[in-house]
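To start, the structure itself, in structure tokens.
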Amino acid sequence: MELLTPEARVLALAPDAPSICIYDETARTVSEIEKVSAKDAKSYPEFAGSFSRIGRVLAPLLRMSPPAIDKPALGEVWNLGKLGLSFRGLPKKDAYRLLRWGPMAVADLVSEFFETELLRATIAARGIAGSFAGPWSAGTSTGLLWQAAMDGHAIGPAAFVKGGMGALTQALAKAAVSAGAEIKTEAKVERIEATEEKASNVVLRTGQEITARAIASNADPRTTFLKLVDPVNLDPSFLSKIRNYRAAGSSAKINLALSGLPLFSGLNRNETKAKLSGRIHLGPDIDYLERAFDAAKYGDYSTAPYMDITIPSLSDPSLAPTGAHVMSVYVQYAPYKLKEGDWNSRREEFADKVIDVLAGYAPNLKELIAGRQVITPLDLEETYGLSGGHIHHGEQSLDQFFTFRPVLGWAQYRTPIKGLYLCGAGTHPGGGVTGGPGANAAREIIKDFKASRI
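Below, the structure is given as structure tokens:
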């Protein structure tokens, strides 16, 4: 499998302001920001450096099983001790920032460093991506800290699997089969049979039963415990926590097949391919992002949405015929439950409004559209099995984070039913196609096998 990573992380566009392109390289980004604000260009290295240093301290958390709060094991105490030493090694200013930033609204954080509205909004957007929250919501700065833990940068990169995301699943399948796994497709799980003591069988819709010592569910927590497992086998207090686990999605996706490359206003033609190869941010200021969230709070989709766009065919021409392109548009906000109507009756109306907004930035877009696919939160639930249509298997807020993911007391991939484990994005370290939840869960399952606990 080959991962393609453009040098441009994100290109930020606004209707009446110069564009800003943020790169992996700090100096190159500073040159871009200087075009709009000398003050912000001076602030950016401090901002980027602080997140990079903090990210190095937080990175071990990604590969760590959250500790048991009530009775941590010796190894867990040791890991937390090492993390504490790393924290003490931070410069005092960074240590203070780490403690302070987590609970902050991301709008406040970016405003402390930058004055340019487009730059503020572009960075803040990472804190609200995929979440039912706006930039003024408390705790949204955590998204930037978590991004820094993943790759040392507060601003998410563009990364494409050569051949499309299907190439990733094929690579995973090949690795699994080479390790002795058997993969069954078209095998929808009907239920997980268990007693109060032990999970025993996975029953497929065909009636086939698969018996195993350990069962790992990559389904989200609500699907696993409210649909696949008989609630009679679960403690009422645990069930209550799962029912209160917040997993109502707020994102939709529109995939476009294009006969050519859209021409974005205000973008130099000589720079087009390089700058458009990363992510494209549409959302000119903090208040725009907050107003987009306002619509979702009251049960409607935003008619002026924030968008995160990629054109992966610029990096991987094999994804489209010569001269043609594919465009992927993440749209916020699109709430799972609509106050009026439903997604089946309003999907095309929604897509038309999104494309109208997008065409305001790329005037020739509509004439290039050869086909489109609209994926709503309802589709994410019904087609892909994500309860509530949440792309991260649940909100990644402070109350559903680390030792609280999915619920306090059950954050170590084990469940109240012996032999049943969670291994999806509803566990630490959450969503984002990192493989982290699965790797951490596998480590805990292996421990239980070795200790003859299952």
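Each residue of the sequence shown is one higher than the one before, counting from 36 in the numbering used here. No residue lacks a Cβ here, since even glycine has one placed at the ideal position from N, Cα and C.
Beta-carbon proximity check, residue i vs residue j, cutoff 8 Å
{"i": "Ala-52", "j": "Leu-153", "result": "yes"}
{"i": "Ala-164", "j": "Phe-86", "result": "no"}
{"i": "Gln-408", "j": "Ser-166", "result": "no"}
{"i": "Lys-453", "j": "Lys-233", "result": "yes"}
{"i": "Ser-285", "j": "Pro-370", "result": "yes"}
{"i": "Leu-317", "j": "Met-342", "result": "yes"}
{"i": "Thr-338", "j": "Pro-101", "result": "no"}
{"i": "Leu-239", "j": "Asn-399", "result": "no"}
{"i": "Leu-93", "j": "Leu-180", "result": "yes"}
{"i": "Leu-96", "j": "Met-185", "result": "no"}
{"i": "Thr-259", "j": "Leu-443", "result": "no"}
{"i": "Gly-424", "j": "Pro-441", "result": "no"}
{"i": "Ser-363", "j": "Lys-288", "result": "yes"}
{"i": "Tyr-79", "j": "Ile-68", "result": "yes"}
{"i": "Leu-324", "j": "Ala-160", "result": "yes"}
{"i": "Gly-162", "j": "Thr-175", "result": "yes"}
{"i": "Tyr-336", "j": "Tyr-365", "result": "no"}
{"i": "Thr-345", "j": "Arg-304", "result": "no"}
{"i": "Ala-283", "j": "Asp-255", "result": "no"}
{"i": "Ala-206", "j": "Leu-293", "result": "no"}
{"i": "Gln-447", "j": "Ala-103", "result": "yes"}
{"i": "Thr-462", "j": "Ala-477", "result": "no"}
{"i": "Ala-189", "j": "Ala-140", "result": "no"}
{"i": "Thr-157", "j": "Val-45", "result": "yes"}
{"i": "Pro-340", "j": "Ala-327", "result": "yes"}
{"i": "Ser-199", "j": "Leu-39", "result": "The question names Ser, but residue 199 is Gly in the sequence shown. No."}
Cβ neighbour criterion (16 or more within 10 Å) applied to residue i
{"i": "Leu-302", "result": "buried"}
{"i": "Pro-464", "result": "buried"}
{"i": "Gln-243", "result": "exposed"}
{"i": "Ala-168", "result": "buried"}
{"i": "Asn-279", "result": "exposed"}
{"i": "Glu-416", "result": "buried"}
{"i": "Gly-494", "result": "Not covered by the structure: residue 494. The range shown for the chain is 36 to 489."}
{"i": "Ile-277", "result": "buried"}
{"i": "Tyr-419", "result": "exposed"}
{"i": "Ala-397", "result": "buried"}
{"i": "Tyr-58", "result": "buried"}
For residue i, the first and last residue of its enclosing beta strand (DSSP E)
{"i": "Gln-408", "result": "404-410"}
{"i": "Leu-109", "result": "Per DSSP, Leu-109 belongs to no beta strand (DSSP E); it is in the alpha helix (DSSP H), 109-123."}
{"i": "Arg-314", "result": "314-317"}
{"i": "Thr-345", "result": "341-345"}
Endpoints, the alpha helix (DSSP H) within which residue i is located
{"i": "Arg-135", "result": "127-136"}
{"i": "Ala-446", "result": "Premise fails: Ala-446 is in no alpha helix (DSSP H) and is neither H nor E."}
{"i": "Lys-288", "result": "Careful: Lys-288 lies outside any alpha helix (DSSP H), inside the beta strand (DSSP E) at 286-293."}
{"i": "Ser-176", "result": "First-last for Ser-176: undefined, no H or E at that position."}
{"i": "Ser-213", "result": "200-213"}
{"i": "Tyr-79", "result": "73-97"}
{"i": "Ile-68", "result": "61-68"}
{"i": "Tyr-323", "result": "321-332"}
{"i": "Ser-272", "result": "271-278"}
{"i": "Ser-380", "result": "378-394"}
Residues bridged to residue i (per DSSP)
{"i": "Leu-455", "result": "Ile-250"}
{"i": "His-188", "result": "Paired residues: none, contrary to the question."}
{"i": "Lys-233", "result": "Lys-453"}
{"i": "Ile-55", "result": "Ala-47"}
{"i": "Glu-228", "result": "Asn-236"}
{"i": "Leu-39", "result": "Phe-195"}
{"i": "Met-362", "result": "Leu-291"}
Closer than 7 Å: residue i CB and nearest the ligand PLP heavy atom
{"i": "Ala-369", "result": "In terms of ligand content, the structure shown is empty, and the ligand PLP therefore cannot be addressed."}
Quick check: the stretch 229-240 against the stretch 186-198, are there 3 or more CB pairs under 8 Å?
Contact between the stretch 229-240 and the stretch 186-198 is not established, with fewer than three Cβ pairs separated by less than 8 Å.
Are the stretch 243-255 and the stretch 474-484 touching by the rule of at least three beta carbon pairs closer than 8 Å?
A contact between stretches requires three or more CB pairs, one per stretch, nearer than 8 Å, and the stretch 243-255 meets this requirement with the stretch 474-484.
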